[in-house]
Amino acid sequence: MSGGVDSSVAAAMLVEQGFQVVGFTLKLWDAEDEEHARKVCCTTVMARDAGKVCSLLGIPHYTLDLRDDFRKEVIERFDREYLAGRTPNPCVHCNSKVKWGRVWEKVQAIGMEWLATGHYAQMVMNEYGVPALVKGVDGSKDQSYFLWEIPRPLLHRTLFPLGSFSKLEVRDYARKLNLPVAEKEESQEVCFIPRDDYRGWLKSRHPELEDGALSGNVVDEHGATIGQHDGYPFFTVGQRKGLGLGGGRKLFVTKIEPMTHQVHVGPEEGLTLRQFEVERLNLLSSDYPFTGENGYSVKIRYRDVGQPARLTLLPVDRMLVELESPVRSLTPGQSAVFYHGDDVIAGGIIC
Amino acid sequence: MNRAKRIYLDHSATTPVDRRVVEAMNEFMLEKFGNPSSIHAYGREAKDALDFARISVAKLLDAESDDIFFTSGGTEADNLALIGYCTRNRSRGTHVIISSIEHSAILRSAKELEALGFIVTRLRPDRFGEVTANAVEAAMTDHTILVSVMHANNEVGTINDLAAISHVAHTGGAVFHTDAVQSFGKLPIFVGRMGIDMLSLSGHKIYGPKGIGAIYIKHGVDLSPRQFGGHQESEVRPGTENLPGIVGLGVAADLCHDEMVSEASKLAYLRDELWNRLQSGLERIKLNGHPERRMAGNLNVTFDGVEGEALLVALDLEGVAVSSGSACSSGSTSPSHVLTEIGLSPQAAHSSLRMTLGRINSIEQIERAANIIIKSVIRLRFMDRPYSSSESSAMQAVLA
Chain A
862 MSGGVDSSVA
872 AAMLVEQGFQ
882 VVGFTLKLWD
892 AEDEEHARKV
902 CCTTVMARDA
912 GKVCSLLGIP
922 HYTLDLRDDF
932 RKEVIERFDR
942 EYLAGRTPNP
952 CVHCNSKVKW
962 GRVWEKVQAI
972 GMEWLATGHY
982 AQMVMNEYGV
992 PALVKGVDGS
1002 KDQSYFLWEI
1012 PRPLLHRTLF
1022 PLGSFSKLEV
1032 RDYARKLNLP
1042 VAEKEESQEV
1052 CFIPRDDYRG
1062 WLKSRHPELE
1072 DGALSGNVVD
1082 EHGATIGQHD
1092 GYPFFTVGQR
1102 KGLGLGGGRK
1112 LFVTKIEPMT
1122 HQVHVGPEEG
1132 LTLRQFEVER
1142 LNLLSSDYPF
1152 TGENGYSVKI
1162 RYRDVGQPAR
1172 LTLLPVDRML
1182 VELESPVRSL
1192 TPGQSAVFYH
1202 GDDVIAGGII
1212 C
Chain B
2 MNRAKRIYLD
12 HSATTPVDRR
22 VVEAMNEFML
32 EKFGNPSSIH
42 AYGREAKDAL
52 DFARISVAKL
62 LDAESDDIFF
72 TSGGTEADNL
82 ALIGYCTRNR
92 SRGTHVIISS
102 IEHSAILRSA
112 KELEALGFIV
122 TRLRPDRFGE
132 VTANAVEAAM
142 TDHTILVSVM
152 HANNEVGTIN
162 DLAAISHVAH
172 TGGAVFHTDA
182 VQSFGKLPIF
192 VGRMGIDMLS
202 LSGHKIYGPK
212 GIGAIYIKHG
222 VDLSPRQFGG
232 HQESEVRPGT
242 ENLPGIVGLG
252 VAADLCHDEM
262 VSEASKLAYL
272 RDELWNRLQS
282 GLERIKLNGH
292 PERRMAGNLN
302 VTFDGVEGEA
312 LLVALDLEGV
322 AVSSGSACSS
332 GSTSPSHVLT
342 EIGLSPQAAH
352 SSLRMTLGRI
362 NSIEQIERAA
372 NIIIKSVIRL
382 RFMDRPYSSS
392 ESSAMQAVLA
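Here it is as structure tokens:
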């Protein structure tokens, strides 16, 4: 529980449904300053709010200190990905490695049978009792994109009480219960990065970036060097602003090569792709044959509406994705999540 | 968890207020509510109660009642002793000796003294948690003006030999203070024979109310007050007296005086019973603190292979209230400084729990608590692992 509206209402709904609920707040990292701490979830300040909500609901509340796990599984991986020229989704790994990882290990050991969160997604049982991860009913809030990496054996231990409600209904519910959090602002940024400045974050943690050790050439689509950059981890494929190339043509980052430190740029056409591969595939269902079938779609970023695609399973834990119409800016390191209708059937990392 | 079925094993954190104490306090809130400084009948009866309470506290210390000054609790008394004494006696020297396993009220006051220019030596205890007179003697310098060593440790319960330590302090020309918050009312204390110059105590550890404590200051020991106001408490601690609290502390002290011996033997029996049961039900557990010279109700145990934080939560959900070596709920992962100072690894310190028994515990509760603790430890040892490990899923099946 973050102390925010969503997890608070999720807990309240479960209490109402008759579950014996225990609230846990995760201490994941130390805020660099008070301002940063106030803005985002998962800090001591928010644990206090979660504690208040739990006492209002009459349920126990504890803080779990998972700073070590979060540092190893999320923060260090985040840095590593950028240094490898990719653009990670830390929230995905926080869910799979921390929440449906260490948190589950800990809470099931103390006797908890279910893990519930305030995510906007649904867990639906089919007629054989097999659970399926399904998009949240509120399309504008659906968070299933961030949940693809949940280990499949844990689906049947997972509850998403908010999945069939809209954000408006959830806020109303909070108001009706007089939960003190009803009017709280939402947090959208990567929680542990102060002021949403990931470049500043990387610099402060990796002195080699300040020294220019990862600087290199900016190369155009013909292979000609057209400028210098001060470190390839500061770039993201698809990025247009901040290239430092002045006026002239509209250029985008098309590729990052960590080995040579080269940042490739080109016109928008150079970004469009019809076919790509996904690695670290996590299958959430065995009901779909993929290869040769129609009716699948893929989201290549959180706000993506979804692209119709043909999917082919490859060895090992990879998927070949052929899009019906090309997309712009496919970013290596980001998650690709596969849907059949509203069902989340798999996900992986874009190569 | 149904309140009636809960088991409270955290008496070193705080105690319930004895009904007899509450009744006495009620009288001084509802009827005899006067201000002890007033001249009229209301004031006089309040003043009388104040004097009686002072005598009750003094009796438990074998002290003169004029040397007892009421404070808001142990923390204030500790601050007054360390900062009040040192700032007043700076001209005599600037060196202070404390132990490294003191309560944070002493540790933080010592830090404040350092900010004021004093030099603080923090003595490490031996592996049982005892601070020896030899160690104090070795640390004494010509500039040492104050030695402060706690009587009984709040986490492992080890009892220090105050007479020996004060002798060393006095020989070196220093005064001796002790934080007796854990031992007051539970162990015999004779300030004269034990050479104690200042002593801190608290009400809520002895079935009295929270927010009341006292400091014993031997006649002739001079210190600067930390706050200023009226003439109350000889201006050592001005401010209208917390009379209901003081009356409560007085009655609680009287009860301790009458029941100390029988209570200590009952608690030691229950404590040993709990330890014996845990030992017969569990492997890889270890007792922390001194095997004999420790508080009757204290049991500090390392459960190898179990995270103390998780065990604490599991026990709480089963209605058993204990405390963990680490201050997890306050958001700190640093393990208990007491346990690491007596030589436990950070990992072992993280795997430790403190159970402190008290007046309200019965043998039935101890039996039940032991069973719950054994069950929870076994469960955690097998299940707090990656869900995918085959051993754990096999164990899950067994436990289910």
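Protein chains in written order, with the numbering used here: chain A, 862 to 1212; chain B, 2 to 401. Glycine included, C-beta positions come from ideal geometry on N, C-alpha and C.
1) Quick one: using the 10 Å Cβ neighbour count with 16 as the cut-off for buried, is B/L31 buried or exposed?
2) If we ignore side chains and look at the alpha-carbon of each, how far apart do B/G290 and A/A911 end up?
3) In chain A, which residues lie less than 8 angstroms from B/L381 when you measure between Cβ atoms?
4) With distances taken from CA atoms, which of B/A25, B/N299 and B/T145 is nearest B/R360?
5) Just how far apart, CA to CA, sit B/S363 and B/A253?
6) Could you check what DSSP says for A/H1067 in three-state terms: helix, strand or coil?
7) By Cβ distance below 7 angstroms, which residues in the same chain neighbour A/P1022 in space, the five residues on each side in sequence not counted?
8) Straight-line CA distance for B/Y9 to B/S39?
9) One question on the structure: do B/R285 and B/L81 come within less than 7 angstroms of each other, judged by their Cβ atoms?
10) Just how far apart, CA to CA, sit B/F119 and B/H96?
11) Can you list, in chain order, the residues of its chain whose CB lies under 7 angstroms from that of B/D255, leaving out five sequence neighbours each side?
12) Please decide whether B/V408 counts as near chain A, where near means a Cβ-Cβ distance under 7 angstroms.
13) With distances taken from CA atoms, which of B/Q366, B/P347, B/L354 and B/I207 is nearest B/V23?
14) Quick one: list the residues of chain A neighbouring B/A311, beta-carbon separation under 8 angstroms, in chain order.
15) For B/M1, decide whether its Cβ has a neighbour in chain A, counting only Cβ atoms nearer than 7 angstroms.
16) How would you list, in chain order, the residues of chain A whose beta-carbon sits under 7 angstroms from the beta-carbon of B/L318?
17) Taking only three categories from DSSP, how would you classify A/G1138?
18) I'd like to confirm the pairing. Which residues does DSSP put opposite A/Q1123 in its beta bridges?
19) Pick from B/L271, B/K376, B/E264 and B/E274: whose alpha carbon is nearest that of B/V307?
20) Let's test the definition: count the other Cβ atoms within 10 Å of the Cβ of A/P969 and tell me whether it reaches 16, buried, or not, exposed.
21) Along the chain, where does the beta strand (DSSP E) that runs through B/P126 open and close?
22) Since A/F1026 contacts A/V998 with CB under 8 angstroms, what's their CB separation in whole angstroms?
23) Step through the CB atoms of chain A and report whether any lies within less than 7 angstroms of the CB of B/M384.
24) Could you round the C-beta distance between A/G864 and A/V935 to whole angstroms and report it? I think they count as a contact, below 8 angstroms.
25) Going by DSSP, name the residue or residues bridged to A/L1015.
26) Out of curiosity, what's the CA-to-CA distance linking A/L917 and A/Y923?
27) When the Cα atoms are used, what is the spatial distance from B/I247 to B/K48?
28) Taking the alpha-carbon positions, what's the B/I379 to B/A78 distance?
29) Roughly how many angstroms separate the alpha carbons of A/H1083 and A/G962, rounded to a whole number?
30) If you pair each beta-carbon of the stretch 937 to 949 of chain A with each one of the stretch 1153 to 1172 of chain A, do three or more pairs fall below 8 angstroms?
31) Check the Cβ-Cβ distances between B/S391 and every residue of chain A, and say whether any is below 7 angstroms.
32) Does the beta-carbon of B/T172 have 16 or more other beta-carbons within 10 angstroms, so that it is buried, or is it exposed?
33) Buried or exposed, going by whether 16 or more other CB atoms sit within 10 Å of the CB of A/T1086?
34) For B/T179, count the other beta carbons within 10 Å of its own beta carbon; 16 or more makes it buried, fewer makes it exposed. Which is it?
35) Look up A/Q969 in the DSSP assignment and say whether it is helix, strand or coil.
36) Report the partner residues of B/I120 according to the DSSP bridge assignment.
Working from what's here:
1) Residue numbering aside, residue 31 of chain B sits at position 30 when the second sequence is read from its first letter. So B/L31 counts as exposed.
2) Within the second sequence, the letter at position 289 stands for residue 290 of chain B. Within the first sequence, the letter at position 50 stands for residue 911 of chain A. So the two alpha carbons sit approximately 36 angstroms from each other.
3) Numbered from 1 along the second sequence, position 380 holds the residue referred to as residue 381 of chain B. Going along chain A in sequence order, the residues near B/L381 (Cβ under 8 angstroms) are A970 and I971.
4) Residue numbering aside, residue 360 of chain B sits at position 359 when the second sequence is read from its first letter. Looking at B/A25, B/N299 and B/T145, the one whose alpha-carbon comes closest to that of B/R360 is B/N299.
5) Counting from one through the second sequence, the residue named residue 363 of chain B turns up at place 362. Counting from one through the second sequence, the residue named residue 253 of chain B turns up at place 252. Roughly 20 angstroms separates the two Cα atoms.
6) Here residue 1067 of chain A refers to the residue found at position 206 of the first sequence. A/H1067 falls in the coil class under three-state DSSP.
7) Mapped onto the first sequence, residue 1022 of chain A falls at position 161. The residues are A871, M874, L875 and A977.
8) What you label residue 9 of chain B is simply residue 8 of the second sequence in a count that begins at 1. What you label residue 39 of chain B is simply residue 38 of the second sequence in a count that begins at 1. Between B/Y9 and B/S39, the C-alpha separation is close to 42 angstroms.
9) For this step, residue 285 of chain B is matched to residue 284 along the second sequence. For this step, residue 81 of chain B is matched to residue 80 along the second sequence. No, these two residues do not count as a Cβ contact at 7 angstroms.
10) Here residue 119 of chain B refers to the residue found at position 118 when the second sequence is read from its first residue. Here residue 96 of chain B refers to the residue found at position 95 when the second sequence is read from its first residue. Looking at the two C-alpha atoms, the distance is approximately 6 angstroms.
11) Position 254 of the second sequence, counting from 1, holds the residue named residue 255 of chain B. Here the set comprises S57.
12) Because chain B is modelled from 2 through 401, residue 408 of chain B falls outside the range shown and cannot be assessed.
13) Along the second sequence, read from residue 1 onward, the residue named residue 23 of chain B stands at position 22. Checking every option, the nearest Cα to that of B/V23 belongs to B/I207.
14) Locating residue 311 of chain B in the second sequence gives position 310, where the first residue counts as 1. Chain A residues near B/A311: K967, A970 and I971.
15) With chain B covering 2 to 401 only, the question about residue 1 of chain B has no answer from this structure.
16) Translated into positions along the second sequence, residue 318 of chain B becomes position 317. What B/L318 touches in chain A: V883, P921, I971 and G972.
17) What you label residue 1138 of chain A is simply residue 277 of the first sequence in a count that begins at 1. Sequence inspection shows Glu at residue 1138 of chain A; the Gly mentioned does not correspond to that position. Of the three classes helix, strand and coil, the one that applies to A/E1138 here is strand, per DSSP.
18) What you label residue 1123 of chain A is simply residue 262 of the first sequence in a count that begins at 1. A/E1118, per the DSSP bridge assignment.
19) Reading the second sequence from its first residue, position 306 is the one you call residue 307 of chain B. Here the closest residue by C-alpha is B/K376.
20) Indexing the first sequence from 1 puts residue 969 of chain A at position 108. According to the sequence shown, residue 969 of chain A is Gln rather than Pro. Classification for A/Q969: buried.
21) One-based indexing of the second sequence puts residue 126 of chain B at position 125. Taken as a continuous stretch (DSSP letters only), B/P126 belongs to no beta strand (DSSP E), as it is neither H nor E.
22) Translated into the one-based positions of the first sequence, residue 1026 of chain A becomes position 165. Translated into the one-based positions of the first sequence, residue 998 of chain A becomes position 137. So it is a contact: roughly 7 angstroms between Cβ atoms.
23) If you number the second sequence from 1, residue 384 of chain B lands on position 383. By this cut-off, B/M384 is an interface position.
24) For the purposes of this step, residue 864 of chain A is identified with residue 3 of the first sequence, where counting begins at 1. For the purposes of this step, residue 935 of chain A is identified with residue 74 of the first sequence, where counting begins at 1. That belief does not hold up - the Cβ atoms of A/G864 and A/V935 are roughly 20 angstroms apart, past 8 angstroms.
25) Stepping through the first sequence from its first residue, residue 1015 of chain A is reached at position 154. Partner(s): none; A/L1015 has no beta bridge.
26) Along the first sequence, one-based indexing puts residue 917 of chain A at 56. Along the first sequence, one-based indexing puts residue 923 of chain A at 62. Going from the Cα of A/L917 to the Cα of A/Y923 covers about 14 angstroms.
27) Taking the first residue of the second sequence as 1, we reach residue 247 of chain B at position 246. Taking the first residue of the second sequence as 1, we reach residue 48 of chain B at position 47. The straight-line gap from Cα to Cα measures roughly 11 angstroms.
28) Translated into the one-based positions of the second sequence, residue 379 of chain B becomes position 378. Translated into the one-based positions of the second sequence, residue 78 of chain B becomes position 77. Within the model, the alpha-carbon separation for B/I379 versus B/A78 is close to 43 angstroms.
29) Locating residue 1083 of chain A in the first sequence gives position 222, counting from the first residue. Locating residue 962 of chain A in the first sequence gives position 101, counting from the first residue. If I take the Cα positions, the gap works out to 46 angstroms.
30) Contact between the stretch 937 to 949 of chain A and the stretch 1153 to 1172 of chain A is absent, because fewer than three Cβ pairs lie under 8 angstroms.
31) The count along the second sequence starts at 1 and reaches residue 391 of chain B at position 390. Confidence at B/S391 is low in this model, with a pLDDT of 44, below 50, so the placement of that residue should be treated as unreliable; the coordinate-derived value is given next. Output row for B/S391: interface = no.
32) For the purposes of this step, residue 172 of chain B is taken as residue 171 along the second sequence, with counting starting at 1. Classification for B/T172: exposed.
33) For the purposes of this step, residue 1086 of chain A is identified with residue 225 of the first sequence, where counting begins at 1. That one is exposed.
34) Numbered from 1 along the second sequence, position 178 holds the residue referred to as residue 179 of chain B. Result: buried.
35) Within the first sequence, numbered from 1, the residue matching residue 969 of chain A stands at position 108. Helix at A/Q969.
36) Taking the first residue of the second sequence as 1, we reach residue 120 of chain B at position 119. DSSP output for B/I120 lists B/H96 as bridge partner(s).
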